[in-house]
Amino acid sequence: MATEVTFPRDETTRAEAATHEWLSRTWATPQGLIGWLSEVDHKIVGRRSLITAVAFFALGGLLALTMRVQLAKPDNNLIGPDLYNQLFSMHGSTMMFLFAVPVMQALGVYLVPLMVGTRAIAFPRLNAFAFWVYLFGGVMLYVAFALNIGPDTGWFSYVPLSGPQYSSGKRVDFWAQMITFTELSSLAIAVSTICTIFKQRAPGMSLQKMPLFVWALLVTNFMVCFAMPAVMIASTYLLLDRSIATQFFNPAEGGDPLLWQHLFWFFGHPEVYIIFIPGLGIVSAITATFSGRPVVAYPLMVLSLLATGFLAFGLWVHHMFATGLPRLGDSFYTAASAMIALPSGIQIFCWIATMWEGRIRFTTPMLFVIGFVVVFVLGGLTGVMLASVPMDLQVHDTYFVVAHFHYVLIGGAVFPLLGGFYYWFPKMTGRLLSERLGKWNFWLFFIGFNVTFFPMHILGLEGMPRRVYTYSAQLGWGSMNLLATTGAFVLAIGVLLFLVNVARSLRSGQRAAANPWGASGLEWATDSPPPNYNFAHIPVAETSEPLWDHPHELPVAHGLRLDRRELLLTSVGEASPDLREPSADPSIWPFLAALAATFLFILSIFTPWGLYIGAVPVAITLIGWFWPRPGESIEREG
Amino acid sequence: MTPFEHSVLDVAGVQNAYIHTMWTVLLGICALMYVLVLGFLLWALLRARRTPDPVRPAESTGVESALYAWIGLVIVGLFGITITSYAVDRAIFAAGQKSGLALEVTSQQWWWDIKYQNDDPSQSFHTANEIHLPVNVPVTISLRSPDVIHSFWVPNLHGKQDLIPGRDTDIHLRPTRTGVFRGQCAEFCGAQHANMAVYVFVESQQDFDRWRAGQLQAATAPTGSTAAQGRDSFMTSACPLCHTIRGTDAAGVTGPDLTHVASRASLAAGALDYNRGNLAAWIADPQGIKPGNHMPTVGLSPQDLQSIAAYLDGLK
């Protein structure tokens, strides 16, 4: 099963060599700074996004450590309320908007085209634009924070606290505009990813043969399309309330603070699933590879992902049980919130059954998957507790909830992600990460995580509310908090070890073959790292485990031009060959358009006229971007 | 500070007793599920280590029937939880239908105004950050917030209820034992969210009546020259612009009612225990003790400060 795949090419024949040379020239990016900024290769854009997201993860983690130091003992004077409130607002905003969603989408940008066997992502320039917008938005938020205008009303920014009357200055405006940046980026990537999945799959890879990771990314990106507009509208209303005195959220003028909460949680709850559904995809990929067999009950796994995606939009009110909405309505949300545990429970069972039926290799990625099950299931179960209205009324906005969602999000997203990094790192860089450091990394992370967050369940039941910068010694929360702080440092050392491992491997890691783990997916059918054109010949997926079922030679499709960037489009359902489609060349315009959009967004923080003034450079760059060039047309496949 | 309780798990009210039932059911079902998952995982790990070859997808190992059993179990568990939750919620609602006492609590950045309502205005009075309740008497608390969203939460007695500007909400309590129960704002409300506590003193009916009679009184006149001087300094400085002392000209409503401030257990919504020293410290430097709060530092001479503290300390 784990035998090395020989490529469907023969290096010795001159024709093959010429093909590779042609392709690498056609898909090359110009040298120099301009070339660097013009990059549209999904692997390089994806890699940049991954590095950016990990950098924000590290920053967000440092903010959290600072908070843990402040809370380590009661009545601590280290950090005052003004800074502390900025710290937790920045931590939440960073982790949700600048790390979790972007990192998962970036992983998709990198892997999905490889997994479906195509040469490029759909709309590569839009995808490049998305990266720049994300980068600029994140940098803007951190520059603002460094200048003491960081947000201080939480990642959820409830009105009226974040409204013009109770949050003067520009802190909230920077936060609200950061939302615009990141959600714009997110939506753009969603469009690229969905189109890649629907139209660019290798011939034969019908929907029922698609890898579960790709299914997960498909569901996630559709959810992005439906969830993100709600928060963009909310943050725009907030900016308008703050800058031109609209009264969307002002009860004195007929507005309503609860409108914000509905809009925010209509996004905010699906957001949680947007973050961990890709994690579930990673878990499926790793479990299958290291159990040496496909995941059990594939159709049920796909249906569970779809069900989770739909149900996720029907639960948002469970964040608002304490607001005094009608009780009968609340009960429906209790039922819906409990119901979503079913698809998750099915998937957990199927992964364990896969292990049960397989032969496990206990590699670092697999350890992270096992850690994921232990942690995520606990988080899911406390989630079921929160679905109950009476229980929620007690533990809502306490450290119990803090514990719950860190179990779900770190368990459901970061554990799989770290496992995923160990798993796909050799594909991305051509070098393996050290397994020895990896095991240390896992155990420190796993133990540190539980020591940090498990005591928070108890703190919540002891009545410790969230978002408090200090607490009195009389409350008796000191020892649990000290324990949590200690755990946070162990956790941080685990993360540090991961970064050390990456740095060491990049310099002197063991070289990776094309398929170092003996996996079954198409991404392992090309070199590590893949050439800029991904596949010299478009693979044909006759089964759902192509490399396992064709370990020696993969059937391929011919007929794409070598001298132009060209993709094979296939039909949505059956993936039968349909069209040859040109793919965009590198271009500086996406970068310039992102700069123009940044100018518009930042200017409109300071003056409502920013929209009009900023529209000019945006229009110019978009015209440049879309200026028609001769020779761009769609050709029917002959 | 007198010893107090602050915990979800130590039940002191009818409503929280129902919630505790819910917690027990949830803990039982969820713990069982967790043990099952971990057990299966452990089994899978041990078994898969021994197995020479992975099971081919075509072979049947009985895992499918186990899957159906698992789905059935999850559904039964979730139904159990949902139905129990609904029943508990109804019971809590029913428990709040009777009322023997009406309070109006207004939350502001960062303190609680408490009004004991009565149809006879002379029997109504305000206090701050401290609620006294007779044991076993159902009470209805109307909740209002004029500024931002806060959340009223006394964990030993009941869950939370948000106070949302522009919306009237209420919460029903029925304490079942005497004691001091701490509550705290549970919705992030700005700089001093951490220091926005309220203390609930649950007392026997007699103790409550005595306390209530005391609170209905106007402020006691100062005894001694320092206190009298303090009253004059209080009235001629910025203090009365924000604070009320019934029976005097001070009638501000921006800050807490001080008529019986010296009878309270804490200062500044739980930021300090009440004693004369803390009172003087608070007046001298409110921004140092509770940074960002809305009480300004009033430039008072040391004599004025001491005499005002002496005056207020007499307002039992």
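Protein chains in written order, with my numbering: chain A, 1 to 638; chain B, 1001 to 1316. For glycine and all other residues, C-beta sits at the position ideal for the given N, C-alpha and C.
| Item | Value |
| --- | --- |
| Thr1084(B), enclosing beta strand (DSSP E) - first and last residue | Per DSSP, Thr1084(B) belongs to no beta strand (DSSP E); it is in the alpha helix (DSSP H), Val1063 to Ala1095. |
| Arg1182(B), enclosing beta strand (DSSP E) - first and last residue | Gly1179 to Gln1184 |
| Under the three-state DSSP convention, the category Leu579(A) falls into | strand |
| Residues within the segment 1148 to 1166 of chain B neighbouring chain A, beta-carbon criterion of under 7 Å | Val1148, Ile1149, Ser1151, Pro1155, Gly1159, Lys1160, Gln1161, Asp1162, Ile1164, Pro1165 and Gly1166 |
| CB contact below 8 Å: Gly117(A) versus chain B | no |
| Secondary structure of Arg1047(B), DSSP reduced to three states | helix |
| Same chain, Cβ closer than 6 Å to Phe123(A), neighbours up to 5 away in sequence not counted | Ser192 |
| Inter-residue spacing [alpha-carbon to alpha-carbon] between Leu311(A) and Phe222(A) | 13 Å |
| Contact under 8 Å by Cβ, Ala403(A) with Gly463(A) | no |
| N- and C-terminal bounds of the alpha helix (DSSP H) containing Ser571(A) | Premise fails: Ser571(A) is in no alpha helix (DSSP H) and is neither H nor E. |
| 8 Å Cβ cutoff, Ala1128(B) in contact with chain A | no |
| Proximal chain A residues relative to Ala1095(B), where beta-carbon distance stays under 7 Å | Chain A residues near Ala1095(B): none, gap ~11 Å exceeds 7 Å. |
| Between the CA atoms of Ala188(A) and Val272(A) - distance to the nearest angstrom | 19 Å |
| Chain A contact for Gly1288(B) (CB, 8 Å cutoff) | no |
| Own chain residues within Cβ distance below 7 Å of Ala594(A), not counting five before or after | Phe129, Trp132, Val133 and Phe136 |
| Interface residues of chain B facing Asp397(A) [CB-CB closer than 9 Å] | Ser1151, Trp1153, Lys1160, Ala1186, Glu1187 and Phe1188 |
| Whether Leu1279(B) touches Ala1238(B) by CB criterion (8 Å) | no |
| Residue-level contact to chain A via CB, Ser1007(B), 8 Å cutoff | yes |
| Close Cβ partners of Leu393(A) (< 7 Å) along its chain, the five nearest in sequence each way excluded | Phe321 and Ala322 |
| Runs of beta strand (DSSP E) lying entirely within the segment 537 to 620 of chain A, each at least 3 residues, in chain order | 566 to 570 and 577 to 582 |
| Enclosing beta strand (DSSP E) for Glu1203(B) [first to last residue] | Ala1197 to Glu1203 |
| Contact check, Leu78(A) vs Val69(A), beta carbons under 8 Å | yes |
| Contact belief for Phe99(A) with Phe56(A) at Cβ below 8 Å, rounded distance in angstroms | 5 Å |
| Cβ contact (3+ pairs, closer than 8 Å) linking the segment 360 to 371 of chain A and the segment 409 to 427 of chain A | yes |
| Closer than 8 Å to chain A by CB, Thr1169(B) | yes |
| Between the CA atoms of Phe181(A) and Gly624(A) - distance to the nearest angstrom | 21 Å |
| CB contact flag (Ser583(A), Pro546(A), <8 Å) | no |
| Met355(A) to Val1137(B) span [Cα, whole Å] | 58 Å |
| Residue from Phe264(A), Ile121(A) and Arg466(A) whose Cα sits closest to the Cα of Gly1190(B) | Arg466(A) |
| Chain B within 8 Å of Ser291(A), Cβ atoms only | yes |
| Nonlocal neighbours in the same chain, by C-beta distance under 7 Å from Lys43(A), ignoring five residues either side | Tyr110 and Pro530 |
| Coil, strand or helix - Ile1114(B) by DSSP | strand |
| Cut-off 8 Å between Cβ atoms - residues of its own chain near Pro257(A), not counting five sequence neighbours on either side | Tyr158, Val159, Pro160, Phe249 and Pro251 |
| Terminal residues of the beta strand (DSSP E) in which Phe1125(B) lies | Phe1125 to Ala1128 |
| Option in Pro1286(B), Pro1302(B), Val1298(B) and Arg1264(B) with minimal Cα separation from His1132(B) | Arg1264(B) |
| Residue closest to Asp1119(B), alpha-carbon to alpha-carbon, out of Pro1134(B), Thr1106(B), Gly1314(B) and Leu1101(B) | Leu1101(B) |
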